[in-house]
Amino acid sequence: MIISKPPSLTTSLSDMEGPKKMLIEHLLANRISSNGLLQLRSMINSDDLSDIIQHIYDLNEKYILQISKVEGLMRIFDDIKNQRRNNLFTKKMKSGFRGKSPNNKVILAEGDSWFNYPIILTDIIDRISMEKNFAVYSLASGGDWLLNMLTGRHYVEELSILHPDVFLISGGGNDLVGSRRLAAVLESKPGDEYLHSSWAQQLIENADGKFIPLNRDDFNEGVRYLSKDFFALLMFFHLQYYSLIHGILKSGKFLNIQIITQGYDYPIPSSKIGGLKIWRWYIPFVRKFLGHSSWLSTPMKIRGITNEDLQRKILYSIIYLFNEMAIQLGASINEEFPDSVFHIDSRGSVGNGGWTDELHARPEHFLRTGEVFANCINKSTKPDYAHTYIVGKMKSEK
Amino acid sequence: MKNLHFILWALLIIVFAVLAGQNFYITHHHESLPIFSLETASANEGKAILDTLAKKNIEGVSLLHFAQVNTWLDFFFIIGYVGAIIMISYSLMQKEKQPFINNFLRFDILLALIIGLLDVVENIILLNDMHDYKIDKQYISSMHVSDPKWILVIIVLVSWLVSLLNRAFKRS
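Next up, the structure:
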């Protein structure tokens with residue numbers, strides 16, 4: 299659905315060497331094979347990534363970076379929280395934290411609001427930071443796009459300064475749903491783009507359904523509303539994550555670094571503010587003032603998808619695929635760099651009633667997810683399968 | 547944010563110091579300002595306290611006037627302590643792994659705001675009672691807002707204590 303292209307884009311794509319250009323065109327058209335994607339990721343560079351995203355978003359890079367920027371009050375609150383965390387980090391470093399015990403871990407976190415929810419909620423990094431043997435330096439910003447993180451490259455500077463034992467990354471959610479982008483990757487009528495994505499089908503075939511069961515009926519119904527731009531974006535995430543993680547490991551500067559990804563839970567679209575519940579008094583305020591319904595419910599309604607059950611199924615298929623993309627990407631990198639990449643799988647952990655707003659779980663769920671991260675970092679429990687830790691449902695909800 | 551923290555703590559400490567100074571001045575003259583008793587008094591008891599305050603004076607200034615100044619200053623004290631409760635609760639929350647206590651500390655933020663509001667209402671009632679005070683003036687008791695305020699203060703303090711004990715217990 300490329301409407302118009304800035305002249306520079308056409309030039310840059312046509313200037314590319316033959317096979318790469320062809321593979322990118324196939325990716326953008328959602329007609330690339332799994333092997334083609336593997337081939338492409340080995341030859342792609344940051345300029346190519348920039349060109350791809352401009353085609354997916356139908357926007358020039360300058361404008362994409364402008365809409366993906368975290369600005370205003372959100373930026374201020376993000377910075378306040380990071381400043382607090384990073385002051386604590388510096389304090390620990392000054393006290394000789396690193397030499398005190400081999401169990402002490404220096405952690406660098408880059409990510410979005412699951413890692414930095416700036417007010418009221420306790421987020422995942424808040425929970426991780428509670429561990430005495432962790433010193434966490436945070437670059438995470440609520441509302442940040444993966445694209446912005448990779449373009450800003452602040453993590454690169456901090457990696458070389460901190461030489462962390464662990465690098466945590468949470469990104470992609472805002473690239474999908476920020477600035478009502480979700481509407482741009484959905485079809486208003488059921489289609490068959492999924493059937494054209496052999497890569498996405500392979501993700502589902504390889505998914506280990508024993509651990510995170512796949513509800514095929516819900517998935518099959520939801521996936522039919524995903525457009526070719528969605529699959530192109532998912533492959534773009536794959537390339538971005540690959541470029542980020544492989545780049546860190548390949549540099550050879552960060553021996554034994556552990557990289558941990560996460561892939562969110564199935565969110566519930568909603569435009570309801572909800573009544574005042576005294577114990578969860580903050581929910582109506584968060585929903586009223588912090589973007590609730592603008593991420594999922596409204597974009598879906600813009601595309602004419604008004605049935606709540608169908609909305610839920612579409613998001614189920616998106617999150618299922620996103621997690622499988624991250625898990626299988628980690629697995630392929632682990633073949634080259636053993637035991638380097640781990641994934642925290644939150645699918646199904648929050649449940650229908652566990653959300654503060656459309657995208658963010660209630661604090662008790664974030665605390666639990668953070669605990670699983672801590673277990674993964676401390677290696678206090680084994681992965682549930684391969685290199686994946688499952689958060690699972692709360693005991694009271696099982 | 548650091549500046550805001552500093553301003554709130556400074557406000558709290560300065561107002562507290564001024565109130566303590568006033569109390570010292572009054573006790574130095576062998577008198578007392580029973581503000582807590584006044585806040586929690588019934589209509590009859592409150593009226594009796596105001597009668598006493600109106601009759602007594604220090605160097606020509608009525609104790610009732612000191613009580614009024616104290617109540618006006620309390621508005622600034624409210625801003626300071628509500629901010630302090632929020633900051634302390636938030637800070638404890640950021641260290642609290644146990645979900646129930648973590649949620650309770652988040653609930654304290656709401657309680658802090660309610661406590662502050664109740665205190666504002668209480669001060670307005672007291673100032674109204676003290677304004678142009680005469681023996682036969684109708685007295686409205688502030689106990690109906692003061693008692694819940696103190697109950698909420700106790701709940702907040704208990705939650706802090708529980709959080710601190712929980713962490714100390716886990717450490718040991």
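These protein sequence lines are chains A and B, in that order. FYI, the numbering for the first sequence is 299 to 696, going by the numbering used here. FYI, the numbering for the second sequence is 547 to 718, going by the numbering used here. Just so it is clear, CB atoms sit at the ideal spot from N, CA and C, and this is done for glycine as well. Here the structure is a predicted model, which means the values were calculated and not measured.
Segment contact: the region 434-448 of chain A against the region 406-418 of chain A, three or more CB-CB distances shorter than 8 Å; contact assigned.
Our two residues, residue 717 of chain B and residue 648 of chain A, have alpha carbons roughly 29 Å apart in a direct line. Legend: CB atoms of the region 648-677 of chain B lying less than 7 Å from CB atoms of chain A belong to residues 648, 649, 652, 653 and 656. Uninterrupted alpha helix (DSSP H) stretches at least 4 residues long and entirely within the region 343-424 of chain A occur at 344-355, 359-366, 370-392 and 395-398, given in chain order. If the five residues before and after residue 632 of chain B are omitted, its C-beta is found closer than 7 Å to the C-beta atoms of 655 and 658, all from its own chain and listed in chain order. For the pair residue 684 of chain A and residue 516 of chain A, the CB atoms are not nearer than the 9 Å cut-off.
Residue 584 of chain A sits buried, since 16 or more C-beta atoms from the chains shown fall within 10 Å of its C-beta. Within its own chain, the residues whose Cβ lies closer than 8 Å to the Cβ of residue 490 of chain A, once the five positions on either side in sequence are excluded, are 522, listed in chain order. The count of Cβ pairs closer than 8 Å, one atom from the region 490-503 of chain A and one from the region 525-534 of chain A, reaches three, so the stretches are in contact. At a cut-off of 3 residues, not a single continuous stretch assigned as beta strand (DSSP E) sits fully inside the region 481-525 of chain A. Scanning chain B for C-beta atoms nearer than 8 Å to the C-beta of residue 585 of chain A yields nothing, as the closest lies near 16 Å away. Just so you know, the alpha carbons of residue 615 of chain A and residue 350 of chain A end up roughly 23 Å apart.
Pairing residue 661 of chain B with residue 628 of chain B, the inter-Cα distance amounts to about 8 Å. In this structure, the beta-carbon distance from residue 616 of chain B to residue 581 of chain B falls below 9 Å. Residue contact with chain B for residue 661 of chain A: present (Cβ-Cβ distance below 9 Å to some residue of chain B).
The Cβ of residue 645 of chain B sits closer than 9 Å to at least one Cβ of chain A. For residue 366 of chain A, same chain residues with a beta-carbon under 6 Å away, outside a window of 5 residues either side, are 443, 445 and 446 in chain order. Residue 643 of chain A carries a strand assignment under DSSP once its states are collapsed to helix, strand and coil.
In the three-state reduction of the DSSP assignment, residue 432 of chain A falls in the strand class, which pools E and B. Closest option to residue 372 of chain A, judged by alpha-carbon separation, among A:453, A:417 and A:591: A:417. At a cut-off of 3 residues, the continuous stretches assigned as beta strand (DSSP E) that sit fully inside the region 434-477 of chain A are 464-468. For residue 667 of chain A, the uninterrupted alpha helix (DSSP H) segment begins and ends at 661-676. Residue 711 of chain B counts as exposed, since fewer than 16 other beta carbons sit within 10 angstroms of its beta carbon. Along the length of the region 599-673 of chain B, whole alpha helix (DSSP H) runs at least 4 residues long occupy 609-639, reported in chain order. Taking a C-beta cut-off of 9 Å against chain A, none of the residues of the region 599-632 of chain B qualify. Contact between the region 662-674 of chain A and the region 579-594 of chain B is absent: fewer than three C-beta pairs spanning the two stretches fall below 8 Å. In the structure shown, residue 573 of chain B falls within a helical segment according to DSSP collapsed to helix, strand and coil. A distance below 7 Å between beta-carbons, with the five flanking residues on each side excluded, links residue 652 of chain A to the following residues of its chain, in chain order: 659, 660 and 663. The beta carbon of residue 641 of chain B sits closer than 9 Å to some beta carbon of chain A. The criterion of a C-beta distance shorter than 9 Å is not satisfied by residue 539 of chain A and residue 617 of chain A. Counting every other CB atom within 10 Å of its CB across the protein chains shown gives residue 574 of chain A a total below 16, marking it as exposed. Beta-bridge partners assigned by DSSP to residue 609 of chain A: none are found. Within a 10 Å sphere around the beta-carbon of residue 451 of chain A sit fewer than 16 other beta-carbons, which makes this residue exposed. Rounded to the nearest whole angstrom, the C-alpha separation of residue 679 of chain B and residue 554 of chain B is 34 Å. Close CB contacts of residue 534 of chain A within its chain, under the 7 Å cut and outside five residues either way in sequence, are with 350, 351 and 354 (chain order). At least 9 Å separates the beta-carbon of residue 608 of chain A from that of residue 501 of chain A.
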